[in-house]
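A.B. asks: Residues in the sequence shown are numbered from 1160 upward in steps of one, following our numbering. Below you'll find the structure I mean.
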Amino acid sequence: MLQASPRERAAPLTREHAPVWTWAPLSEEVLCAMPARWIWNPQGAPQGGPGPGPRHRTLRRRGVAPLYPEPSELEGALKGRVEVSGQGLRLFADEGSARLDLPADLILVKVFHRNAVELHLASGARVLAGMAEKDVELLDVVTQAYL
């Protein structure tokens, strides 16, 4: 049986022998984009903050997430899209130049409902995005893996 010498064991891995990790993108490559209606509230949630708990919350009961309890909050929302990259989220409006960049370290808590996503930010502000159920599921999975 061949054994490596102490010098060979201590030598750093060369580029061709180093493992290749491609889990998180190094650039701002868009991982997914989906249509959404979104609204930004600088005062935060009407009922207060998200409360104590995990940073990533999917409110499933028996495998089914409940609908967002206050759909009236999305009545004045901007129609646009949400883009996810390894660095965070971007929200764009279809009309006008409204754009909201949310770096991953600025997002304190993500709460996933069946038809909406609540993002509570470090500044105390809150972003609410209404989407199709399949898009919320995709956003849930992608943000768990990359953010």
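Each residue gets a CB set at the ideal place from its N, CA and C atoms; glycine is no exception. As the structure is a prediction and not an experimental result, all values here were calculated from the model.
1. On the DSSP bridge assignment, give the partners of Ser1282 in chain order.
2. I think Leu1267 touches Arg1214, with their Cβ atoms under 8 Å apart; what is that distance to the nearest whole Å?
3. Alpha carbon to alpha carbon, how far is Ala1304 from Ala1236?
4. So, is Pro1184 buried or exposed, given that buried needs 16 or more other C-beta atoms within 10 angstroms?
5. Can you tell which of Gly1203, Leu1278 and Ala1252 has its C-alpha closest to the C-alpha of Pro1262?
6. Taking the straight line between their C-alpha atoms, what separation do you get for Gly1203 and Pro1209?
7. Quick check for students: name the residue ranges of the beta strand (DSSP E) that lie wholly in the stretch 1226-1293, counting only runs of 3 or more.
8. Going by DSSP in three states, Leu1190 sits in which element: helix, strand or coil?
9. Just to confirm before moving on: does the CB-CB distance between Gly1255 and Pro1194 stay below 9 Å?
10. Output the boundary residues of the beta strand (DSSP E) element that contains Arg1219.
C.D. replies: So, from the data block:
1. The partner list for Ser1282 (beta bridge, DSSP) is empty, contrary to what the question assumes.
2. The beta-carbon distance between Leu1267 and Arg1214, rounded to whole angstroms, is 7 Å. This is short enough to meet the 8 Å contact definition.
3. Spanning the two alpha carbons is a distance of roughly 28 Å.
4. Model confidence at Pro1184 stands at a pLDDT of 39, short of 50, so the residue's coordinates are unreliable; what they give is reported in the following sentence. The residue in question, Pro1184, is exposed, as its Cβ has fewer than 16 Cβ neighbours within 10 Å.
5. Selected option, being the one with the closest Cα: Leu1278.
6. C-alpha separation (whole angstroms): 10 Å.
7. Counting only runs of 3 or more, we get 1237-1244, 1247-1252, 1258-1262, 1266-1271, 1275-1280 and 1285-1289.
8. Correct three-state label for Leu1190: strand.
9. In this structure, the beta-carbon distance from Gly1255 to Pro1194 does not fall below 9 Å.
10. From DSSP, Arg1219 is part of no beta strand (DSSP E); its letter is neither H nor E.
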